[in-house]
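Residue numbers (UniProt numbering): 1 to 477. Quick reminder that beta carbons are idealized off the backbone N, C-alpha and C, glycines included. Source: prediction; values computed, not measured. These notes are about the structure you will find just below.
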Amino acid sequence: MSYLQALLVADARRLRRAQRSATHRHRHLTKRPLGLLLWQLGAEPFTAAAVAWGFGPDQRKIAVPGEPRDRELAFRALTIVARDFNAWFEGTGRDEPPQIVVANRATLALLARLGRRLAYLPTTGAVPADPELVRFGRHLRFLADRARHPGQQLVVVLTDLLASHWVTELSALEMQQLPALDAAIEPPRGQSAHEAAREAERTEIGPVPAAEEDGKVDDLLSAFNAQRGRKTEEKVVAPLRKPIESHYGRLVDRGWPFLWRCLERERGYPEAAHVGRRWKDDLGALDRHLDWVVTKGGHQRTRQTNAQAAWTLRAAEDAVRLLEAEEAIDDPLRMLPTLLANQGLVGKVRRVDRENYEQGPKRQVRRPLVELETAERCVLPTEKELWWTRTADKREYVITEVRHIAKESRSIVVLQLETSAEQELPTVGETAIFSVHHLGSSPPLKMPKKAPWTHREPEQEDVLPALDGATDEGRWE
């Protein structure tokens with residue numbers, strides 16, 4: 001926990017409500033995203049006992065298979081979801097890029113499990129699966145994989161979105177309960193965040209049901225299976241399914257408003273400047289996925305090759321660094337932990353020398369200087385590389401001199417720009433922030449020409465030497 005987070009937690013306790021940890025919204029929200037709520041059977045992590053989907057608080061559909069452990073009934077219900085989802089996700093009937101909104105990480109994990117279950121079903125043979133269902137599974141697999149990419153915005157997990165923009169007294173586990181987190185952020189009048197969250201956590205939002213609700217479903221399923229026998233025809237099971245549909249309808253109606261309430265509150269904050277760059281990357285990944293799966297009908301690998309895993313890891317590492325840099329540059333509150341950790345400095349520009357020259361290897365080269373007066377004593381060493389937040393995508397500055405003002409806490413810091421190329425410089429009198437955050441790319445990843453022996457199959461089986469013969473000195477009798 002950073003110093004800033006500790007301070008905000010103390011403020012949340014004192015003021016009896018969550019405190020904002022960002023002045024901007026660091027995720028893109030489309031005008032009309034698709035909301036999803038799912039419920040599973042308590043002990044069946046690969047089942048979808050109910051799926052609700054829709055585009056607003058007053059618009060939702062729900063599919064309930066009745067008995068989700070029965071393949072035919074489960075796939076029939078999921079096919080209804082798949083046809084709606086595929087038509088929207090693949091571009092039919094939408095006027096903006098797709099975005100999925102789910103309540104918590106557990107819902108995302110259930111979508112990932114359903115994707116793995118559906119994506120590899122055979123579409124030919126004795127029991128062929130509907131191609132719509134298979135494509136649905138492949139889309140879910142893509143979204144689950146993309147959701148692990150730092151800063152992605154195709155999938156909005158509301159508990160993560162809120163937790164990254166607010167600080168509360170709740171633990172990390174408690175913050176995955178959306179109604180409790182929502183109550184801590186905006187408690188009812190006269191209640192503290194803690195009291196409101198304690199009451200709100202009784203509202204289940206899935207996908208794992210509470211023990212009481214799971215017991216009710218067990219009784220309903222027992223009656224449903226006893227009445228239908230082994231029949232799966234829709235005309236037989238549809239009337240028998242009504243009590244189960246009513247049960248899940250009540251659960252969905254209790255949780256559905258929280259999705260849109262939390263989403264609209266976050267939409268009211270201004271979007272950070274670099275959000276568009278990350279959204280563009282998301283859309284590029286989406287286009288590649290749709291071209292491969294829909295246009296070309298390609299299959300997805302069940303696991304990555306060694307090289308693919310290395311590239312994926314490197315991309316995630318770069319994305320983490322870039323996400324932290326962009327958020328800090330865009331948002332003063334996000335920059336504070338960097339300054340408190342002595343990884344940057346802020347001060348008033350006293351002087352700018354555009355025509356400073358230094359001796360290079362062969363000739364004099366221009367190296368502009370910026371002189372900064374800090375309000376606090378600077379503890380950064382000389383030769384430290386920093387980037388001005390306004391030109392964080394360009395060349396770095398190096399601290400060349402630090403002078404402490406006697407009997408005061410202020411310092412004079414001189415920074416030298418490490419290029420003679422034309423580059424914007426701070427102006428005298430403005431407040432400038434320099435930090436370790438930059439937007440440049442990392443060095444290219446160089447893969448070995450031959451995979452290390454730890455990552456390849458043995459070229460030939462090792463043959464153990466025989467233990468018989470004159471050289472057998474350590475033989476066991």
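Inset, instruction - Please report how far the alpha carbon of P448 lies from the alpha carbon of T454, in whole angstroms. - result: P448 and T454: Cα-Cα distance of roughly 13 Å.
Inset, instruction - Could you tell me which residues DSSP pairs with Y397 in its beta bridges? - result: Its beta-bridge partners are L386 and L417.
Legend entry - Test item: CB-CB of L286 and P33 under 9 Å: Between L286 and P33, the C-beta gap is not smaller than 9 Å, which leaves the two residues out of contact.
Legend entry - Start and end residues, alpha helix (DSSP H) containing S222: Going by DSSP, S222 is part of the alpha helix (DSSP H) stretching over A211 to R228.
Legend entry - the segment 379-398 in contact with the segment 331-345 per 3-pair CB rule at 8 Å: Short answer: they touch.
Legend entry - Beta-ladder partner(s) of H404, from DSSP: S411, per the DSSP bridge assignment.
Inset, instruction - Give a yes or no on whether the C-beta atoms belonging to L143 and V155 are separated by under 9 Å. - result: For L143 and V155, yes; Cβs fall inside 9 Å.
Inset, instruction - Decide if H299 is buried, meaning its Cβ has at least 16 other Cβ atoms within 10 Å, or exposed. - result: That one is exposed.
Inset, instruction - Within its chain, find whatever has a CB closer than 8 Å to the CB of D393; leave out the 5 residues flanking it on each side and keep chain order. - result: Closer than 8 Å at Cβ, skipping near neighbours: H438, L439 and G440.
Inset, instruction - Helix, strand or coil for T283, going by three-state DSSP, please let me know. - result: Residue identity differs from the one stated: residue 283 is Leu in this sequence, not Thr. In this structure, L283 counts as helix in the three-state DSSP scheme.
Legend entry - Nearest candidate by alpha-carbon position, reference E418, set R395, I412 and V428: Nearest option by C-alpha distance: R395.
Legend entry - For A103 and P268, believed in contact at Cβ under 8 Å, the rounded distance: First, the amino acid is wrong: residue 268 is Gly here, not Pro. Under the criterion of beta carbons closer than 8 Å, G268 and A103 do not qualify as touching, at roughly 20 Å.
Legend entry - Residue interval of the alpha helix (DSSP H) (run including L178): Counting along the chain, the alpha helix (DSSP H) containing L178 begins and ends at L178 to I185.
Inset, instruction - Could you check if R278 is buried or exposed, using at least 16 other CB atoms within 10 Å of its CB as the buried criterion? - result: With 16 or more other Cβ atoms within 10 Å, it is buried.
Inset, instruction - Assign E424 to one of three DSSP states: helix, strand, or coil. - result: In this structure, DSSP gives E424 a state outside helix and strand, which the three-state scheme calls coil.
Legend entry - Straight-line gap, D331 to K296 (C-alpha atoms, nearest Å): In a straight line, the C-alpha of D331 is about 42 Å away from that of K296.
Inset, instruction - Compute the beta-carbon to beta-carbon distance between V370 and L415, rounded to the nearest angstrom, for a pair I have assumed lies under 8 Å. - result: Taking the Cβ atoms as the reference, V370 lies roughly 5 Å from L415, within the contact range of under 8 Å.
Legend entry - Bounding residues of the beta strand (DSSP E) (the contiguous stretch that carries E371): Its beta strand (DSSP E) spans residues L369 to T374.
Inset, instruction - Would you identify the three-state DSSP class for T305, choosing helix, strand or coil? - result: Here T305 sits in coil by DSSP.
Legend entry - Beta-carbon proximity of L78 to A48, cut-off 9 Å: Yes, Cβ-Cβ distance for L78 and A48 is below 9 Å.
Inset, instruction - Taking E174 as the reference, give the member of T203, T302 and Q153 with the closest Cα. - result: The option with the nearest alpha carbon to E174 is T203.
Legend entry - Contact under 9 Å by Cβ, A193 with I185: Yes, the Cβ-Cβ distance between A193 and I185 is below 9 Å.
Inset, instruction - Would you tell me roughly how many angstroms separate the C-alpha atoms of G374 and T431, rounded to the nearest one? - result: Here residue 374 is Thr; the residue named in the question, Gly, does not match the sequence. Spanning the alpha carbons of T374 and T431 requires a straight line of approximately 10 Å.
Legend entry - Coil, strand or helix - Y357 by DSSP: In this structure, DSSP gives Y357 an extended state, which the three-state scheme calls strand.
Inset, instruction - Would you mind stating whether R314 and L425 have Cβ atoms separated by less than 9 Å? - result: No, the Cβ-Cβ distance between R314 and L425 is not below 9 Å.
Legend entry - Neighbourhood of A307 by C-beta distance below 7 Å, restricted to the same chain and skipping five residues each side: Around A307: M447.
Legend entry - Reference R363; option with closest CA among R403, G125, S420 and E376: Nearest option by C-alpha distance: S420.
Legend entry - Where K231 falls: helix, strand or coil (DSSP): For K231, the secondary structure class from DSSP, reduced to helix, strand or coil, is coil.
Legend entry - Continuous beta strand (DSSP E) stretch holding V156: start and end: Segment V155 to V157, the beta strand (DSSP E) holding V156.
Inset, instruction - My understanding is that T391 touches I329, with C-beta atoms under 8 Å, so please give their C-beta distance in whole angstroms. - result: Contact doesn't hold; Cβ gap of about 10 Å is too wide.
Inset, instruction - Could you tell me whether the Cβ atoms of L220 and I244 are closer together than 9 Å? - result: Cβ atoms of L220 and I244: closer than 9 Å.
Legend entry - Runs of beta strand (DSSP E) lying entirely within the segment 77-132, each at least 3 residues, in chain order: Within the segment 77-132, the complete beta strand (DSSP E) runs of at least 3 residues are 100-102.
Legend entry - Neighbourhood of F434 by C-beta distance below 7 Å, restricted to the same chain and skipping five residues each side: Only G344, L345, L386, W387, W388, Y397 and L415 meet the Cβ criterion.
Inset, instruction - Give me the Cβ distance between D282 and Q152, rounded to the nearest whole Å; I'm assuming they're in contact under 8 Å. - result: The C-beta separation of D282 from Q152 comes to about 6 Å, placing the pair in contact by the 8 Å criterion.
Inset, instruction - Could you say if the segment 103-123 and the segment 133-143 meet the contact criterion of at least three C-beta pairs nearer than 8 Å? - result: A contact exists between the segment 103-123 and the segment 133-143.
Legend entry - Through-space distance from D160 to E271, alpha-carbon basis: Put simply, the backbone Cα of E271 is about 17 Å away from that of D160.
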